[in-house]
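Chemist: Following my numbering, the numbering of the sequence shown begins with 901 at its first residue and continues without gaps.
Using N, Cα and C, we set each Cβ at its ideal position, and we do this for glycine too.
Before anything else, here's the structure in question.
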Amino acid sequence: MDFDNSTLGSSKNRTLPAYLETRDEELAKVEIGILGTIFAVALLGNAAVLSILLWRKKKVTRMYFFIFHLSVADLVVAFFNIFPQMVWDITWRFQGNDMGCKTVKFLQVFALYLSTWVLVMMVRHLLPFKRS
């Protein structure tokens, strides 16, 4: 593997090794299909949950409040994590500049942390609080 690290700093005249220049198209199709299915299920499922919660005429309880926020966090994961990865897999190479790539990667990590912290705060809120 003759990979020269000196070419990583410059975006021009990059030479990549042969194993990075090819991809398995069948595997890419399977990955795109799986990501598309996950995105569709996440979008439709969470949109259904949000619509049911928003159209309710009853008083909003703590549990419905948390379900609402968890559904929003799941939609953020779907739009900022799954969808960009699917587009990236379709185009095979990122079709943007360095700032766009960094922004997409930041939003992917942010979405996962947001979803995780929503769960942590739900559990923390539901646990009894003891003062010492």
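1. What are the complete alpha helix (DSSP H) segments, minimum 4 residues, inside the region 917 to 996?
2. Helix, strand or coil: how does DSSP classify residue 1027 here?
3. What do you reckon, are the CB atoms on residue 982 and residue 932 nearer than 8 Å?
4. Helix or strand or just coil, what does DSSP make of residue 1003?
5. Between residue 942 and residue 974, how many whole angstroms is the CB-CB distance? I'm expecting something under 8 Å.
6. With distances taken Cα to Cα, identify the nearest neighbour of residue 1006 among 989, 971, 990, 985.
7. Here's a check: name, in chain order, each residue in its chain whose Cβ is nearer than 7 Å to the Cβ of residue 903, leaving out the five neighbours to either side.
8. Answer yes if the region 955 to 974 comes into contact with the region 1012 to 1032, meaning at least three C-beta pairs across the two stretches below 8 Å, and no otherwise.
9. Would you kindly work out how many angstroms separate the C-alpha atoms of residue 958 and residue 1016, rounded to a whole number?
10. For residue 1016, which three-state DSSP category applies?
11. My understanding is that residue 1018 touches residue 970, with C-beta atoms under 8 Å, so please give their C-beta distance in whole angstroms.
12. Please classify residue 944 as buried or exposed, where buried requires at least 16 other C-beta atoms within 10 Å of its C-beta.
Modeler: Checking against the coordinates, here is how it stands:
1. Within the region 917 to 996, the complete alpha helix (DSSP H) segments at least 4 residues long are 918 to 921, 925 to 955, 962 to 977, 983 to 991, listed from N- to C-terminus.
2. The residue given as residue 1027 occupies position 127 in the sequence shown. Residue 1027: coil per DSSP, three-state reduction.
3. For this step, residue 982 is matched to residue 82 along the sequence shown. For this step, residue 932 is matched to residue 32 along the sequence shown. Their beta carbons are not under 8 Å apart, which means residue 982 does not touch residue 932 by this criterion.
4. The residue you call residue 1003 lines up with position 103 of the sequence shown. In the structure shown, the three-state DSSP call for residue 1003 is helix.
5. Counted from its first residue, the sequence shown places residue 942 at position 42. Counted from its first residue, the sequence shown places residue 974 at position 74. Contact between residue 942 and residue 974 holds: CB atoms are separated by about 6 Å, below the 8 Å threshold.
6. By 1-based counting over the sequence shown, the position of residue 1006 is 106. Answer by Cα proximity: 985.
7. Locating residue 903 in the sequence shown gives position 3, where the first residue counts as 1. Low confidence applies here, because residue 903 scores a pLDDT of 48, under 50, leaving its location unreliable and the question unanswered by this model.
8. Touching, yes.
9. By one-based count along the sequence shown, residue 958 stands at place 58. By one-based count along the sequence shown, residue 1016 stands at place 116. Answer to the nearest angstrom: the Cα atoms are 28 Å apart.
10. What you label residue 1016 is simply residue 116 of the sequence shown in a count that begins at 1. Residue state, collapsed to three classes: helix.
11. Taking the first residue of the sequence shown as position 1, residue 1018 is located at position 118. Taking the first residue of the sequence shown as position 1, residue 970 is located at position 70. 6 Å between Cβ atoms; contact.
12. By one-based count along the sequence shown, residue 944 stands at place 44. That one is exposed.
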